[in-house]
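Count the sequence shown with the numbering used here and you get residues -10 to 29, in order.
Cβ atoms here follow ideal geometry from the backbone N, Cα and C, with glycine treated the same way.
The structure under discussion appears below in the form of structure tokens.
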Amino acid sequence: MRRQQTRFERLMRIRQMNTENVINILRSKNLLLSYLECEA
-10 MRRQQTRFER
0 LMRIRQMNTE
10 NVINILRSKN
20 LLLSYLECEA
């Protein structure tokens, strides 16, 4: 039972990290777009 719990925790942690990575990528993409618009 404990082993399954740790596996689930690990899955959730990986999922959270992936979500944070996606948010960071979108944020940097938006920054890049706004920067390009200012330069144009």
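Item                                                                                         : Value
Pull up the distance between the alpha-carbon of M1 and that of E9, whole angstroms please.  : 12 angstroms
Rounded to the nearest angstrom, what separates R(-4) and M6 at their Cα positions?          : 15 angstroms
If you draw a straight line from the C-alpha of V11 to the C-alpha of Q(-6), how long is it? : 26 angstroms
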